[in-house]
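J.:
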Amino acid sequence: MAKDEKKLVEEITSMNEDFAKWYTDIVKKAKLVDYSGIRGCMVIQPYGYAIWENIQKELDRRFKETGHENVYMPMFIPESLLQREKDHVEGFAPEVAWVTHGGTEKLEERLCVRPTSETLFCDHYANIIHSYRDLPKLYNQWCNVVRWEKTTRPFLRTMEFLWQEGHTAHATAEEAEAETLRMLNVYADFCEKELAIPVVKGRKTDKEKFAGAKATYTIESLMHDGKALQSGTSHNFGDGFAKAFGIQYTGEDNELHYVHQTSWGMTTRLIGAIIMVHGDDAGLKLPPRIAPIQAVIVPIAQHKEGVIEKAEQLRATLSSKFRVKLDASDKSPGWKFSEYEMKGVPLRIEIGPKDIENNQAVLVSRTTREKFFVSLDNLEEEVANHLEKIQQEMLDAALQNREEKTSVAVSYDEFKETIENKGGFVKAMWCGDVECENKIKEDTSATSRCMPFEQEELSESCVCCGKPAKKMVYWGKAY
RNA sequence: CGAGGCGUGGCGCAGUUUGGUAGCGCACCUGGUUUGGGACCAGGGGGCCGCAGGUUCGAAUCCUGUCGCCUCGACCA
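To convert a position in the first sequence, counted from 1, into the numbering used here, add 7.
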């Protein structure tokens, strides 16, 4: 084993040995979350929350750019309101938490803690939308929701989680469809540009679509262990909710019309995706664009005259353009190297007596662990270039991993064999029948991830039943 | 909710089979020597053994109950 491949952090379980353990090790050691005393709920610690704040900042900017406004809805939903739309309540009823008492008094009507806020938005929209002049309504809210999950894992599935939910109302079906796809594209762009996570865009099958939706679109990403993760969804509700909630407007034609609605969401689960797409055995690896610390300055032989001062000077200069931290604690340099690699800091800047003598600093990349000796005269430029390069390298690596773990199956034996032994995405044709989805699930535990927009004609018949195929589908085991 | 595993200083564990003064490593504190890949020496502090009952002269250990956490399935962002 080459020296630079040596496992530097003994405390982290190797990902090839036990991926699930590796994941929880990272989450704990990098201090992203702490387990709380409440089942299935996590404490998001400062470093983890800082990642979420950066995600919020970038996503929110994109929402504003596309004309959306932020609002805040109540966190309680009266039972009668939740039950207005039949499919919706059936989908969520098994996992809602109920408030039955106010103080010591039993409530006349139970309130559920929102698992999602469609019903609240609809109730509100019915009040404020009267004319075609009131449309479109492009609202978004950042909030927490609660779903009574049976099994939980930090970030990937918790009983309470943070998210953003966009809810829009439009005059026509065409506008609603356009909005649904526009926001899916915003999500995909965000994942690739900011998180360096490549995604497959497509449509969910009826079996997998959102409760109450006419169509659900999704972006699917692939984790390092070959499991898929639904990373964001965008739903077109058609006028189903509008009819259930009576959201009507008077059009230019002086006739009453129902609105057409959409909703779309992304959650703290994205942090789980970042961990599982980019991380390695040394720990977390954060894309520079959302890393809370983009560069850490580690002084070497900091007791020597002038070292700390120089390091502080670098920090002061760089901090106007980058999120930079100086660690002048009395831990050894080696300890700091490992610590910040574990925390996924993209770039390390070493400065010691030798460097000061030569008017240079040493930059070390988290992705390659390569060292670069750069002049202090153009440090800012060098740091900017390296961060950009690391961002790109991370996307490239993630893309390569996904390509390597994406297969094609034409026969059912081939399909089962690939899911079982290789994992990852398996592209295969499908007849459109839910029976085949169910059978595949039963036989392999894989589900249809999406019907990608970019269709390919792999064969003419369904991989499962052999009947004429309608769609090419990405299949895989999912988180 | 099904199957498995685990609750002992902050973290990771041993001790439980066969009841008898609560231990180890890391972390922490003090002093010194160190400092370019998780430094070393010396000294020190910290534990109602998840919780509640029971058996016993005596319980981390045995019995009953209960709560919580983790992993894997089914459900789901």
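We put the beta carbon where it would ideally sit given N, CA and C, even for glycine.
Please read these numbers as outputs of a predicted model, since none were measured by experiment.
(1) So Ala176 packs on Gln255, CB below 8 Å; how close in whole Å?
(2) Quick one: complete alpha helix (DSSP H) runs, 4+ long, within the region 263 to 323?
(3) At 3 residues or longer, and completely inside the region 349 to 415: list those beta strand (DSSP E) runs for me, N to C.
(4) Flag this pair as yes or no: are the beta carbons of Pro299 and Ile58 separated by less than 9 Å?
(5) Check whether the region 438 to 445 and the region 403 to 419 are in contact - that is, three or more C-beta pairs closer than 8 Å.
(6) Quick check on DSSP: helix, strand or coil for Ala222?
(7) On the DSSP bridge assignment, give the partners of Cys119 in chain order.
(8) Please report how far the alpha carbon of Thr159 lies from the alpha carbon of Ala220, in whole angstroms.
(9) Can you tell me whether Asp450 is helix, strand or coil according to DSSP?
(10) On the three-state DSSP scale, how would you describe Glu460?
(11) First and last residue of the alpha helix (DSSP H) that includes Asn192?
(12) Taking the Cβ atom as the reference point for each residue, do Val206 and Glu227 lie within a distance shorter than 9 Å?
(13) What did DSSP end up calling Val470 once you bin it into helix, strand or coil?
(14) Taking the Cβ atom as the reference point for each residue, do Arg355 and Arg373 lie within a distance shorter than 9 Å?
(15) Quick one: grab the DSSP three-state call for Trp29.
(16) In the DSSP assignment, the alpha helix (DSSP H) including Tyr54 goes from what residue to what residue?
(17) Just the C-alpha distance for Lys13 and Phe379, rounded to the nearest angstrom, thanks.
(18) Can you tell me which of Lys361, Thr20, Pro294 and Ala323 puts its alpha carbon nearest to the alpha carbon of Glu312?
(19) Based on Cα-Cα distance, which residue from Phe26, Met22, Tyr30 and Ile19 lies nearest to Ile278?
(20) Confirm, please, whether the CB-CB distance from Ser466 to Thr212 is below 9 Å.
(21) What are the residues that DSSP puts in a beta bridge with Val152?
(22) Identify the continuous beta strand (DSSP E) that holds Gly209 and give its terminal residues.
(23) Applying the criterion that 16 or more other CB atoms from any shown protein chain within 10 Å of the CB defines a buried residue, is Arg140 buried or exposed?
(24) Is the beta carbon of Leu487 sitting closer than 9 Å to the one on Leu39?
(25) My understanding is that Trp271 touches Met349, with C-beta atoms under 8 Å, so please give their C-beta distance in whole angstroms.
(26) Phe432 and Lys208 look like a contact to me (Cβ under 8 Å); what is the Cβ gap, rounded to whole Å?
(27) Go ahead and label Lys214 buried or exposed: buried means 16 or more other beta carbons lie within 10 angstroms of its beta carbon, across all protein chains shown.
(28) Alpha carbon to alpha carbon, how far is Lys35 from Asp41?
(29) Just how far apart, CA to CA, sit Glu388 and Thr107?
(30) Assign Gln462 to buried or exposed, taking buried as 16 or more other Cβ atoms, counted over all protein chains shown, within 10 Å of its Cβ.
(31) For Val96, report the span of its alpha helix (DSSP H) as first-last.
(32) My assumption, with CB atoms under 8 Å, is that Gly359 sits in contact with Ile307. Please give the rounded CB distance.
(33) Quick one: what does DSSP say Pro480 is sitting in, helix, strand or coil?
(34) Classify Lys429 as helix, strand or coil using the three-state DSSP reduction.
(35) Determine the direct distance from the alpha carbon of Cys469 to that of Ala222, and round the result to whole angstroms.
(36) Using 9 Å as the threshold, is the C-beta distance between Tyr194 and Gly247 below it?
T.: The short version:
(1) Not really, about 11 Å apart at Cβ, beyond 8 Å.
(2) Entirely contained in the region 263 to 323, the alpha helix (DSSP H) runs reaching 4 residues are, in chain order, 276 to 285.
(3) Taken in chain order, the complete beta strand (DSSP E) segments of 3 residues or longer contained in the region 349 to 415 are 354 to 358, 367 to 372, 378 to 382 and 413 to 415.
(4) Yes, Cβ-Cβ distance for Pro299 and Ile58 is below 9 Å.
(5) With fewer than three CB-CB distances shorter than 8 Å, the region 438 to 445 does not count as touching the region 403 to 419.
(6) Here Ala222 sits in strand by DSSP.
(7) Answer is Ile84 and Trp105.
(8) So the two alpha carbons sit approximately 26 Å from each other.
(9) DSSP places Asp450 in the helix class (H, G or I) of the three-state scheme.
(10) With the sequence shown as reference, residue 460 is identified as Phe, and Glu is not the correct amino acid for it. Coil, per DSSP.
(11) That run of the alpha helix (DSSP H) goes Ala180 to Lys200.
(12) Yes, the Cβ-Cβ distance between Val206 and Glu227 is below 9 Å.
(13) Coil, per DSSP.
(14) For Arg355 and Arg373, yes; Cβs fall inside 9 Å.
(15) Secondary structure at Trp29: helix, using DSSP grouped into helix, strand and coil.
(16) First-last of the alpha helix (DSSP H) with Tyr54: Pro53 to Glu72.
(17) Its pLDDT being 35, under 50, Lys13 is placed unreliably in this model, and the coordinates cannot settle the point.
(18) The shortest Cα separation from Glu312 among Lys361, Thr20, Pro294 and Ala323 belongs to Lys361.
(19) In this structure, Tyr30 is the residue among Phe26, Met22, Tyr30 and Ile19 with its C-alpha nearest to the C-alpha of Ile278.
(20) No.
(21) Answer by DSSP bridge pairing, in chain order: Phe168.
(22) Counting along the chain, the unbroken beta strand (DSSP E) around Gly209 starts and ends at Val207 to Arg210.
(23) Around the beta-carbon of Arg140, fewer than 16 other beta-carbon atoms lie within 10 Å, marking it exposed.
(24) Within the shown structure, residues of the chain are numbered from 8 to 486, placing residue 487 beyond reach of any answer.
(25) The Cβ separation is near 34 Å, so there is no contact.
(26) That pair is no contact at about 13 Å.
(27) Label assigned to Lys214: exposed.
(28) Cα to Cα, Lys35 sits roughly 7 Å from Asp41.
(29) Linking Glu388 to Thr107 through their CA atoms gives a straight-line distance of about 59 Å.
(30) Exposed, since its Cβ has fewer than 16 Cβ neighbours within 10 Å.
(31) Its alpha helix (DSSP H) spans residues Lys93 to Phe99.
(32) Confirmed, about 3 Å.
(33) The sequence given here places Val at residue 480; Pro does not occur at that position. When secondary structure is reduced to three states using DSSP, Val480 falls in the strand class.
(34) The three-state reading of DSSP puts Lys429 in coil, since its state is none of H, G, I, E or B.
(35) Their backbone Cα atoms lie some 22 Å apart in a straight line.
(36) With respect to Gly247, Tyr194 sits apart: the two C-beta atoms are not nearer than 9 Å.
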